[in-house]
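J.: I am attaching a structure below and will ask some questions about it afterwards.
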Amino acid sequence: MTTVTKTVELSQAIKEQYLAQDFDEVRKLNDESKLKTFNRRIVWRNVLLFGLLHAAAVLGTYHLLFCVKWYTFIWTFSCWVISGLGITAGAHRLWSHRCYKAKLPLRIFLMLCNSMAVQNDIIEWSRDHRCHHKWTDTDADPHNVNRGFFFSHMGWLLEKKHPKVKEMGTKLDLSDLFNDPVCAFQRKYYLPLSIFSCFIFPTWVAVAGWGESAFYAFYTAGVFRYVWTLHATWLINSAAHTFGYKPYDATISPVESVWTDVLAIGEGGHNFHHTFPQDYRTSEYGYELNLTKLFIDAMQMIGQAYDCKTVAEEVIARQCASKGEGPRPVVSKKNN
1 MTTVTKTVEL
11 SQAIKEQYLA
21 QDFDEVRKLN
31 DESKLKTFNR
41 RIVWRNVLLF
51 GLLHAAAVLG
61 TYHLLFCVKW
71 YTFIWTFSCW
81 VISGLGITAG
91 AHRLWSHRCY
101 KAKLPLRIFL
111 MLCNSMAVQN
121 DIIEWSRDHR
131 CHHKWTDTDA
141 DPHNVNRGFF
151 FSHMGWLLEK
161 KHPKVKEMGT
171 KLDLSDLFND
181 PVCAFQRKYY
191 LPLSIFSCFI
201 FPTWVAVAGW
211 GESAFYAFYT
221 AGVFRYVWTL
231 HATWLINSAA
241 HTFGYKPYDA
251 TISPVESVWT
261 DVLAIGEGGH
271 NFHHTFPQDY
281 RTSEYGYELN
291 LTKLFIDAMQ
301 MIGQAYDCKT
311 VAEEVIARQC
321 ASKGEGPRPV
331 VSKKNN
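Under UniProt numbering, the first residue of the sequence shown carries the number 1, and numbering increases by one thereafter.
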C-alpha cells in the first residue's frame, strides 16, 4: 500500500504533540511520593458496575460459544475492531498525539467508533493519556504501573484519582480538543451516544440483519464485546509496561509486546511508542500486527487522513544504538 508520510526529527515532533516528558517534574513527583502517604478511596459504584459487567460478559461468552449464529459470532468480533479503532486510530493516535490529521467525515466516524468503546469521552481520554506520557510512572500518571499490575490494568478506575493526576492534568493544553466540534459534540451527548453505539446498535444489527435473538445479540455483540475491548485496551497500560523487551529505550517501563499488539489491534509496540510518541505507526511491526496502521493508510489513500508523521530511520537506529536493549523487531519494510 502506497502512502505519503511526513518524516520528522524527534525533538521537533515531540514538541508538536504536547507530550515532551518533563523529567525535572518527574523527579520532583517521585521525590514527593516518597515523603507523602496517599490514602486510597475506593469508588464502590464502579466496583459494582464492573463486577456486574464482567458477570454479564461470562454469560455472553457462553452464548457466543454455544448459542448464537455464525453471523453473530463474526459481527461480535467485527464490533471489537470497530470500537477498538475508535480508541487506537481515534482517541489515541489522532486526538491524543496528533500523529496525523483527519478530515471531518473520518473524524465523525472515529468519534462514533469511540463512543461504541465507552472508555470516557475523547477529551477526558486524551487528557489522561497526555498525563500518562508527560509524567509516566509517577503519581501524576493515571495508571501508574509502579502501583501494581492490577492497578495499572483496571484498579485505577475503581478508586479516586490521585490528587497529582488532577493537579497536573490542569496544566495540560487541551484547547485543540475543546475547539474540535466533533469532540465537543461527543462530550455534550456522550451518554446517549455511548449507550446507543455500544449496546443498542450492535444488538439491532444482529436482530434485523439475520434474525438473531435480541437476548443473545445483546450479551455477545454488546456486553461481551465491550468487556473484551476494555481488557484489550487495559493490557497496554499493564502488560505492555511489564512483560516484554526494550529495543528502543531500556531506561523506561514500556515494552514491546506482540500478543498485546494483536489484542489491541496495533498498540503493543509500546517501547517504540513511548520513545517516539509522535509516530503514527506506534511500532515497526507490519500490517499483520498493526491493523490500526492499515486502517489509517487506507484512509490516507482515499484522502481522509493526511500528514501522517513518522520518525526518520536514522533517528530510530541512533536511538536503538544508544539506549536500546536487544535487537529491533523484524520489520516488514513493505508495509511500514
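Cβ coordinates follow ideal geometry from the N, Cα and C atoms, glycine included. Predicted model only: the values in this text are computed from it and were never measured.
1. Does residue 238 pass the burial test, meaning 16 or more other C-beta atoms within 10 Å, or should it be called exposed?
2. Within its chain, find whatever has a CB closer than 8 Å to the CB of residue 50; leave out the 5 residues flanking it on each side and keep chain order.
3. Mind checking which residues open and close the beta strand (DSSP E) that includes residue 311?
4. If you count every other CB in all the chains shown that lies within 10 Å of the CB of residue 302, and 16 or more means buried, which is it?
5. Please return the same chain residues whose Cβ sits closer than 7 Å to the Cβ of residue 184, not counting the five positions on each side in sequence.
6. Pick from 127, 231, 289 and 222: whose alpha carbon is nearest that of residue 176?
7. What number of angstroms, rounded off, separates the C-alpha of residue 189 from the C-alpha of residue 220?
8. When the Cα of residue 40 is compared with those of 138, 284 and 160, which residue comes out closest?
9. Looking at C-alpha atoms only, which residue of 89, 263, 218 and 80 is the closest neighbour of residue 232?
10. Assign residue 326 to one of two classes, buried (16 or more other C-beta atoms within 10 Å of its C-beta) or exposed (fewer than that).
11. Just to check my reading of the structure: residue 281 and residue 310 have Cβ atoms closer than 8 Å, yes? What is that Cβ distance to the nearest angstrom?
12. Determine the DSSP secondary structure at residue 239, reduced to helix, strand or coil.
13. Sort 271, 117 and 148 by Cα distance to residue 87 and report the nearest one.
14. Go through its chain and collect everything with a Cβ distance to residue 47's Cβ below 7 Å, but skip five positions before and after it.
15. Between residue 170 and the ligand HEM, is there a pair consisting of the residue's CB and a ligand heavy atom that are separated by less than 7 Å?
16. What residue from 251, 249, 279 and 230 has the CA that sits closest to residue 120's CA?
17. Which same chain residues, not among the five before or five after residue 54, have their C-beta less than 7 Å away from its C-beta?
T.: The short version:
1. By the 10 Å Cβ count, residue 238 comes out buried.
2. 154, 157 and 158
3. 308 to 311
4. exposed
5. 178
6. 127
7. 25 Å
8. Out of 138, 284 and 160, the CA that lies nearest to the CA of residue 40 is found in 160.
9. 263
10. exposed
11. Going by Cβ atoms, the distance from residue 281 to residue 310 rounds to 6 Å, so yes, they are a contact pair.
12. helix
13. 117
14. 158
15. No copy of the ligand HEM appears in this structure; indeed no ligand is present at all.
16. 230
17. 227
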